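Protein sequence lines correspond, in order, to chains R and S. Residue numbers for the first sequence follow the numbering used here, beginning at 1 and rising by one. Residue numbers for the second sequence follow the numbering used here, beginning at 1 and rising by one. Each residue gets a CB set at the ideal place from its N, CA and C atoms; glycine is no exception. Only a predicted model underlies this, so the values are computations on that prediction, with no experimental measurement involved. This report refers to the structure that appears directly beneath it.
Protein chains: 2
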Amino acid sequence: MRSLFLTAAAALLIGAAPAQKLPTPNDIVAQAPASAWKTIPADELMIIDLKNGGPIVIQLAPAFAPVHVANIKILARGGYWNGATVYRVQDDYVAQWGLNDSDKPWPAGVTAKPPAEYVRPLKGLGITPLGSPDPYAPGAGFADGWPVAYSAKAGWANLAHCYASVGVGRDLSPDTGTGGELYAVIGHGPRQLDRNIALVGRVIDGIDRFSTLPRGTEALGFYKDKAQYVPIASIRIASDMPAGQRPSYEYMDTSTATFARYLHLRANRHDDFYIQPAGGVDLCNVQVPVRKKA
Amino acid sequence: MRSLFLTAAAALLIGAAPAQKLPTPNDIVAQAPASAWKTIPADELMIIDLKNGGPIVIQLAPAFAPVHVANIKILARGGYWNGATVYRVQDDYVAQWGLNDSDKPWPAGVTAKPPAEYVRPLKGLGITPLGSPDPYAPGAGFADGWPVAYSAKAGWANLAHCYASVGVGRDLSPDTGTGGELYAVIGHGPRQLDRNIALVGRVIDGIDRFSTLPRGTEALGFYKDKAQYVPIASIRIASDMPAGQRPSYEYMDTSTATFARYLHLRANRHDDFYIQPAGGVDLCNVQVPVRKKA
Chain R
1 MRSLFLTAAA ALLIGAAPAQ KLPTPNDIVA QAPASAWKTI PADELMIIDL
51 KNGGPIVIQL APAFAPVHVA NIKILARGGY WNGATVYRVQ DDYVAQWGLN
101 DSDKPWPAGV TAKPPAEYVR PLKGLGITPL GSPDPYAPGA GFADGWPVAY
151 SAKAGWANLA HCYASVGVGR DLSPDTGTGG ELYAVIGHGP RQLDRNIALV
201 GRVIDGIDRF STLPRGTEAL GFYKDKAQYV PIASIRIASD MPAGQRPSYE
251 YMDTSTATFA RYLHLRANRH DDFYIQPAGG VDLCNVQVPV RKKA
Chain S
1 MRSLFLTAAA ALLIGAAPAQ KLPTPNDIVA QAPASAWKTI PADELMIIDL
51 KNGGPIVIQL APAFAPVHVA NIKILARGGY WNGATVYRVQ DDYVAQWGLN
101 DSDKPWPAGV TAKPPAEYVR PLKGLGITPL GSPDPYAPGA GFADGWPVAY
151 SAKAGWANLA HCYASVGVGR DLSPDTGTGG ELYAVIGHGP RQLDRNIALV
201 GRVIDGIDRF STLPRGTEAL GFYKDKAQYV PIASIRIASD MPAGQRPSYE
251 YMDTSTATFA RYLHLRANRH DDFYIQPAGG VDLCNVQVPV RKKA
């Protein structure tokens, strides 16, 4: 038999590991106590349904981009995205959606020119350090479930562009984007965008509905014909949905000993499949655990 | 108008930059002299056609995994992959293809148990250092067009797992994989696999034919039903194709001043879109330029 698992989770398929073995990162997640998890508030979950299926669930990050996030909620609630599509999919980069080049008026309450929420003060964030060097910033780690880069000396912190990160499309500076056009990362984390654009959250469920879309053939992955645009059926905030339909998710509290153990094991893989642990890990490869609540 | 380009290449769409501006990485590629490019030998190109289209072009890396690469050429030439499929697609990880669990005999000449070609001697490689810290190894840089990690002290080097890297599926150690089952990375570079598995090349054209495939719903992204398997029409080495049908590609010589300039600009983006260059870059985000020859 040549099954060739190629994965850290291979042990799952070949039966339980002997008791003396070190746990895997997945073991830590499976055994984490309830106290290691935090529920995402329903008004910080945005649910996108494509016409061909859903949901795509996005956790919003008001602690990092409060004005952009407030805009996004107003846009969702005001029906701004009626008729929205995914109109740009660039391989190893982003899928982007919205109204693309529309002059539709903003709903009342939208801040048309938000501040450049590309960094925030480090102060007020409880950081769990990554413990490995980061090429993009003096420091890197985790704050309330989010991957962040920071400078302790200069006092700033930013959300990091990792796989599934969601950001705000913008024109050239000084434009900062309003929130009407959003993108999700579908390739290797384009960290060079950090501190150049507002990140507002991350896809926590259904990212494959974006990542499997056909790539656009025009420059920057724009679709050539409007017939290729992927229609969006609805974009809603979970707290606006009927209680019975409202999904709920939780993420691992990155200030806990459980997360510290998970992080250590992500940097030092001892699963059966591994023979040479790296002794380090990059910020985007840690993948803070997030899961749907029953 | 709200076009919201979100890209370093936005300048391409809004006209040429004034002469005094710094060039972009794309400018460096466009202006590179012929001497900065190296043609990939035709016997180091593997061409995969899916039944629903192609090609997917893979550059092989015999300098890093000579026995596995030799096996792969024998498998292609011996028709081993007749009936092969893509049978596993795991989001943000890999697409994997081959015969999946077959007991088909190897063609004559295949080394059934290759050595663990996970690292090679650093000696003999001309390294252009990355110039940024790497979380996975003491050193990182580029050798003859490939992203590599290395230890100058211990004297080893390894190909790095980046987006589009191609590796050899294997069972648990001491199995090293024969080359019959291969995978391509379709997400954030899973560098934790470095030095744990043999990398044999990279997809240089057509990766989106893998990255857009539906994700498998079984553990590790295996497709549940064989009806979901994606059939492969042919796997050929370019040098075995008729001269008129043979594609040709070239990559930027990473030992040149042109590449050094490109690398510097990838770490210090000054395109019109950027307002805050990172001053660093990770190994997988440099993306050695590769292009089809006319």
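Below 9 angstroms on C-beta distance, what does R:Ala30 contact in chain S?
Position 30 of the first sequence, counting from 1, holds the residue named residue 30 of chain R. Neighbours of R:Ala30 in chain S, taken as residues whose beta carbon is under 9 angstroms from its own, are absent, since the nearest beta carbon is some 14 angstroms off.
Return the residue from the list S:Tyr262, S:Ile232, S:Asp208 that minimises the CA-CA distance to S:Pro33.
Residue numbering aside, residue 33 of chain S sits at position 33 when the second sequence is read from its first letter. Checked all of S:Tyr262, S:Ile232, S:Asp208; the closest Cα to S:Pro33 is S:Tyr262.
Measuring CB atoms only, is the stretch 141-153 of chain S touching the stretch 178-187 of chain S, in the sense that at least three cross pairs come out at less than 8 angstroms?
no
Please name the residue in S:Ala61, S:Pro23, S:Tyr223 whose C-alpha comes closest to that of S:Gln96.
Within the second sequence, numbered from 1, the residue matching residue 96 of chain S stands at position 96. The candidate whose alpha carbon is nearest that of S:Gln96 is S:Tyr223.
Check each candidate in S:Tyr229, S:Pro242, S:Lys153 and name the one with the smallest Cα separation from S:Gly98.
As a working mapping, residue 98 of chain S is identified with position 98 in the second sequence. Nearest C-alpha to S:Gly98: S:Tyr229.
Under 8 angstroms from the C-beta of R:Ala278: neighbouring residues of chain S
In the first sequence, the residue the question calls residue 278 of chain R occupies position 278. Near R:Ala278 (Cβ distances below 8 angstroms), the residues of chain S are Pro135, Tyr136, Ala137, Arg191, Gln192, Asp194, Arg195.
Along chain R, in chain order, which residues have C-beta atoms closer than 9 angstroms to that of S:Val200?
Working through the second sequence from its first residue, we reach residue 200 of chain S at position 200. By Cβ distance, chain R contributes nothing, its closest Cβ being about 13 angstroms from S:Val200, past 9 angstroms.
DSSP three-state call for R:Val281: helix, strand or coil?
As a working note, residue 281 of chain R is residue 281 in the first sequence. Three-state DSSP puts R:Val281 in coil, outside helix and strand.
By Cβ distance, which residues of its chain are closer than 6 angstroms to S:Phe64, with the 5 residues on each side in sequence left out?
On the second sequence, residue 64 of chain S is found 64 positions in, with the first residue counted as 1. Within the same chain, S:Phe64 has close Cβ partners Arg120, Leu159.
Rounded distance between the beta-carbons of S:Tyr249 and S:Gln59, thought under 8 angstroms:
The sequence position of residue 59 of chain S within the second sequence is 59, counting from 1. The sequence position of residue 249 of chain S within the second sequence is 249, counting from 1. Right, their Cβ atoms sit about 7 angstroms apart.
Could you give the distance in angstroms between the alpha-carbon of S:Ala152 and the alpha-carbon of S:Ala140?
Within the second sequence, numbered from 1, the residue matching residue 152 of chain S stands at position 152. Within the second sequence, numbered from 1, the residue matching residue 140 of chain S stands at position 140. Going by the C-alpha atoms only, they are around 10 angstroms apart.
If we define contact as Cβ-Cβ less than 7 angstroms, is S:Ala223 a contact residue for chain R?
As a position in the second sequence, residue 223 of chain S is number 223, starting the count at 1. Residue identity check: residue 223 of chain S is Tyr in the sequence provided, not Ala. Taking Cβ atoms only, chain R never reaches closer than 7 angstroms to S:Tyr223, which makes this a no.
Endpoints, the beta strand (DSSP E) within which R:Leu159 is located
Here residue 159 of chain R refers to the residue found at position 159 when the first sequence is read from its first residue. First-last of the beta strand (DSSP E) with R:Leu159: 156-159.
Find out if the Cβ-Cβ distance for the pair R:Ile235, R:Ser211 is shorter than 7 angstroms.
Walking along the first sequence from the start, residue 235 of chain R turns up at place 235. Walking along the first sequence from the start, residue 211 of chain R turns up at place 211. Not a contact, by the Cβ cut-off of 7 angstroms.
Partners in chain S for R:Phe64, counting only beta-carbon separations shorter than 8 angstroms:
As a first step, residue 64 of chain R must be located in the first sequence, where it is residue number 64. Here the premise fails: no neighbours, minimum Cβ distance about 16 angstroms.
Threshold first: 3 residues or longer. Then list the beta strand (DSSP E) segments lying entirely within the stretch 242-279 of chain S, N to C.
The stretch 242-279 of chain S contains these whole beta strand (DSSP E) runs: 249-252.
Name, going along the chain, the residues of the stretch 92-112 of chain R whose beta-carbon falls closer than 9 angstroms to a beta-carbon of chain S.
Asp92, Tyr93, Val94, Gln96, Gly98, Leu99, Asn100, Asp101, Ser102, Asp103
Cβ-based burial, S:Asn52 [other Cβ within 10 Å; buried from 16]:
For the purposes of this step, residue 52 of chain S is taken as residue 52 along the second sequence, with counting starting at 1. Per the 10 Å Cβ criterion, exposed.
Out of R:Ile40, R:Tyr93, R:Asn285, which one is the CA nearest neighbour of R:Arg215?
Numbered from its first residue, the first sequence carries residue 215 of chain R at position 215. Relative to R:Arg215, the option among R:Ile40, R:Tyr93, R:Asn285 whose CA is nearest is R:Tyr93.
Assuming the contact rule is C-beta atoms closer than 8 angstroms, R:Val288 and R:Thr254 should be a hit. Round their C-beta distance to whole Å, please.
Locating residue 288 of chain R in the first sequence gives position 288, where the first residue counts as 1. Locating residue 254 of chain R in the first sequence gives position 254, where the first residue counts as 1. Sure, about 6 angstroms apart at Cβ, within 8 angstroms.
For S:Asp27, decide whether its Cβ has a neighbour in chain R, counting only Cβ atoms nearer than 7 angstroms.
Along the second sequence, read from residue 1 onward, the residue named residue 27 of chain S stands at position 27. Not one chain R Cβ lies under 7 angstroms of S:Asp27.
Using a Cβ-Cβ cut-off of 7 angstroms, state whether R:Gly187 counts as contacting chain S.
The residue labelled residue 187 of chain R in the question sits at position 187 within the first sequence. Answer yes: the Cβ-Cβ gap between R:Gly187 and chain S drops below 7 angstroms somewhere.
Listed from N- to C-terminal order along the chain, which residues in the stretch 245-277 of chain R have their beta-carbon within a distance smaller than 9 angstroms of any beta-carbon of chain C?
Among the protein chains in the structure shown, which are R and S, there is no chain C.
So, does the CB of S:Val281 fall closer than 7 angstroms to a CB anywhere in chain R?
For the purposes of this step, residue 281 of chain S is taken as residue 281 along the second sequence, with counting starting at 1. With its beta carbon less than 7 angstroms from one in chain R, S:Val281 belongs to the interface.
To which residues of the same chain is R:Val69 closer than 6 angstroms at the C-beta, ignoring the five residues directly before and after it?
Residue mapping note: residue 69 of chain R aligns to position 69 of the first sequence, counting from 1. The residues are Leu60, Pro62, Val200.
Closest to S:Lys21 by C-alpha separation, out of S:Ala294, S:Phe273, S:Asn285, S:Gly280, would be which residue?
Residue numbering aside, residue 21 of chain S sits at position 21 when the second sequence is read from its first letter. When each option's Cα is compared against that of S:Lys21, the closest is S:Phe273.
C-alpha distance - S:Gly155 paired with S:Lys123, whole-angstrom precision
Working through the second sequence from its first residue, we reach residue 155 of chain S at position 155. Working through the second sequence from its first residue, we reach residue 123 of chain S at position 123. Roughly 7 angstroms separates the two Cα atoms.
Give the single residue among R:Ile56, R:Gly78, R:Pro23, R:Asp27 whose Cα lies nearest to the Cα of R:Asp240.
By 1-based counting over the first sequence, the position of residue 240 of chain R is 240. The shortest Cα separation from R:Asp240 among R:Ile56, R:Gly78, R:Pro23, R:Asp27 belongs to R:Gly78.
From the DSSP output, in three-state form, read off R:Lys73 for me.
Taking the first sequence and counting its residues from 1, one reaches residue 73 of chain R at position 73. DSSP places R:Lys73 in helix when its eight states are reduced to three.
At a CB distance below 8 angstroms, what residues from the stretch 40-66 of chain R approach chain S? Give them in sequence order.
none
Reduced DSSP secondary structure (H/G/I, E/B, other) of R:Gln59
Taking the first residue of the first sequence as 1, we reach residue 59 of chain R at position 59. DSSP places R:Gln59 in strand when its eight states are reduced to three.
Proximity of R:Lys125 and R:Ala157 at Cβ, strictly below 7 angstroms:
For this step, residue 125 of chain R is matched to residue 125 along the first sequence. For this step, residue 157 of chain R is matched to residue 157 along the first sequence. Before going further, note that residue 125 of chain R is Leu rather than Lys in the sequence given. Yes.
Which class does S:Ser234 belong to by DSSP, given the choice of helix, strand or coil?
Walking along the second sequence from the start, residue 234 of chain S turns up at place 234. S:Ser234: strand per DSSP, three-state reduction.
Roughly how many whole angstroms lie between the Cα atoms of R:Tyr183 and R:Asn26?
As a first step, residue 183 of chain R is located in the first sequence; it is residue number 183 there, counting from the start. As a first step, residue 26 of chain R is located in the first sequence; it is residue number 26 there, counting from the start. Those two C-alpha atoms are separated by around 29 angstroms.
Only counting the same chain, and skipping five residues up and downstream in sequence, which positions put a Cβ closer than 8 angstroms to that of R:Pro41?
Mapped onto the first sequence, residue 41 of chain R falls at position 41. The residues are Ser239.
R:Gly15 (DSSP reduced to helix, strand or coil):
Taking the first sequence and counting its residues from 1, the one referred to as residue 15 of chain R is at position 15. The predicted position of R:Gly15 is uncertain, since its pLDDT is 40 and thus under 50; a value taken from the coordinates is nonetheless stated next. Three-state result, R:Gly15: coil.
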